[in-house]
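Q: First the structure, which I've put down as structure tokens, then a few questions once you've had a look.
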Amino acid sequence: MSWTALLPLAAGSYALKAVGPVVVGRRPMPAGAIEVLELLSIPVLAGLVAVQTLNSGGELVVDARVPAMAVAGVLVWRRAPFLVVVFAAAGTAALLRLLA
Amino acid sequence: MTGADHRKIARTAAAIGIATGTYGISFGVLSVAAGLTLAQTCAMSLLVFTGASQFAAVGVLGAGGSAAAAIAPALLLAGRNALYGLSLVGVLRGRPASRAAQAQLVIDETTAMARAQDDAATARFAFLTTGISVFVCWNAGTALGAVAGRGLANPAALGLDAMFPAAFLALVAPQLRRPGAPAAAVAGAVIATVLVPLTAAGVPILASALGVVAGLVAPRRASG
């Protein structure tokens, strides 16, 4: 990859990140718009969780990540601390792969 | 915001940074293997600073694709950062130059951490702490992987690929108390899952934003 290809990628990535903080910035917005924007991150992060759990190169796959997420789900529901949740999930997946 | 809150956020940010750094190592290894120089590999992590996009770009290049073929999927995956930036408009304050610098830190991890907090000041602290932690670890990991090469780390063997969705689940869960949030989250997850085998990488997560409609309709139905 040449620098002339890398720099447009960097510029494009930055432009996307800057839409909210730079372009919209501190402009006053109608209350309805703020309500929608504040809710926006929730379905997107939920979609991210689903994709990170089930996607493998564009296919839906059930592997060690699924039982790991079941463990994480129970711990989140039981209000376990953040670090307990993530290490339990990683440990479950690592252990299952070690045994497989 | 108490000192205990600060410490808890800092601990979480450090853990996310370390996990991200491990992925940074594998990015560095893959990037050099795909033919990028050490300088280009490090520059990409500094300037692009979006893990999924970077992996997609070097994946295409490693498979012999052109630079143009590498940029398109990378930007599609980066598209969600625009949605994150919009959802953080109320959190990212300061002068235009300060907001322009903070924009580089708008990614999955910083958004999830910021939106998991109850007030704007705490959200801002969580955003910056997580952003700096991930930025430092991701770039250090990239350099280490690019220099030291293969065999340094295998994130999947450590279960780190399961660590990320678990982390995002833990960060989204407290936000589900908001009116409409459970419906929006379920709709977003369903949309993304259905689209995984049907669309290009990046589209499922972008389309999950449409779940916001379910969130806006649901509470009105419940109250009406």
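Here the protein sequences come in this chain order: R and U.
Going by this note's numbering, 86 is the number at position 86 of the first sequence; the sequence numbering is gapless.
For this note's numbering, count along the second sequence from 1 and bump the result up by 1000.
All C-beta atoms in this analysis are idealised placements derived from N, C-alpha and C, irrespective of residue type, glycine included.
If the criterion is Cβ atoms closer than 8 Å, does the pair A1103 of chain U and K17 of chain R meet it?
A: Taking the second sequence and counting its residues from 1, the one referred to as residue 1103 of chain U is at position 103. Taking the first sequence and counting its residues from 1, the one referred to as residue 17 of chain R is at position 17. A contact, by the Cβ cut-off of 8 Å.
Q: Which whole-angstrom value is the C-beta distance of I42 of chain R and Q1175 of chain U, which I expect to be below 8 Å?
A: Your numbering for residue 42 of chain R matches position 42 in the first sequence. Your numbering for residue 1175 of chain U matches position 175 in the second sequence. About 6 Å separates the two Cβ atoms, so the contact holds.
Q: Counting Cβ pairs, one atom from each stretch, are 3 or more of them under 8 Å apart for the stretch 1133-1152 of chain U and the stretch 1177-1197 of chain U?
A: Judged by Cβ distances under 8 Å, the stretch 1133-1152 of chain U makes no contact with the stretch 1177-1197 of chain U, as fewer than three pairs qualify.
Q: Using a Cβ cut-off of 8 Å (strictly closer), state whether A1115 of chain U contacts chain R.
A: Stepping through the second sequence from its first residue, residue 1115 of chain U is reached at position 115. Note on identity: in this sequence residue 1115 of chain U is Arg, with Ala being the wrong assignment. At least one chain R Cβ lies under 8 Å of R1115 of chain U.
Q: Give a yes or no on whether 8 Å exceeds the smallest Cβ distance from N1139 of chain U to chain R.
A: Counting from one through the second sequence, the residue named residue 1139 of chain U turns up at place 139. Closer than 8 Å: no.
Q: Pull out every residue of the stretch 50-62 of chain R whose Cβ sits closer than 8 Å to any Cβ of chain U, in chain order.
A: Those residues of the stretch 50-62 of chain R that come within reach of chain U (Cβ to Cβ, closer than 8 Å) are A50, V51, Q52, T53, L54, N55, G58, E59, L60.
Q: Using C-beta distances below 7 Å, list every residue in its chain close to V101 of chain R, excluding the 5 sequence neighbours before and after it, in chain order.
A: Shown here, chain R extends from 1 to 100; a query on residue 101 of chain R therefore has no answer.
Q: Do you know how far the Cα of T1110 of chain U is from the Cα of G1065 of chain U?
A: Counted from its first residue, the second sequence places residue 1065 of chain U at position 65. Counted from its first residue, the second sequence places residue 1110 of chain U at position 110. So the two alpha carbons sit approximately 31 Å from each other.
Q: Chain R partners of P1204 of chain U, CB-CB under 7 Å?
A: Here residue 1204 of chain U corresponds to residue number 204 of the second sequence, with the count starting at 1. Those within 7 Å of P1204 of chain U in chain R are G47, V51.
Q: Any idea if L1160 of chain U is buried or exposed, counting beta-carbon neighbours within 10 angstroms, 16 or more meaning buried?
A: Taking the second sequence and counting its residues from 1, the one referred to as residue 1160 of chain U is at position 160. Answer is buried; the Cβ neighbour count reaches 16.
Q: Compute the Euclidean distance between the alpha carbons of L1158 of chain U and G1085 of chain U, then round it to the nearest angstrom.
A: As a working mapping, residue 1158 of chain U is identified with position 158 in the second sequence. As a working mapping, residue 1085 of chain U is identified with position 85 in the second sequence. The straight-line gap from Cα to Cα measures roughly 31 Å.
Q: At a Cβ threshold of 8 Å, is T1012 of chain U touching chain R?
A: As a working note, residue 1012 of chain U is residue 12 in the second sequence. Chain R contact via Cβ: present.
Q: Using a Cβ-Cβ distance under 8 Å, would G20 of chain R count as near chain U?
A: Here the question's residue 20 of chain R lines up with position 20 in the first sequence. Yes, its Cβ sits closer than 8 Å to a Cβ of chain U.
Q: Do you know how far the Cα of A1078 of chain U is from the Cα of L6 of chain R?
A: To locate residue 6 of chain R, count along the first sequence from 1; it is residue 6. To locate residue 1078 of chain U, count along the second sequence from 1; it is residue 78. Near 14 Å, if we compare the C-alpha coordinates of A1078 of chain U and L6 of chain R.
Q: Enumerate in chain order the residues of its own chain whose CB-to-CB distance from T1022 of chain U is below 8 Å, with the five nearest sequence positions on each side excluded.
A: Here residue 1022 of chain U refers to the residue found at position 22 of the second sequence. Once the five neighbours on either side are set aside, the close Cβ partners of T1022 of chain U are G1141, A1153, P1155, L1158, L1160.
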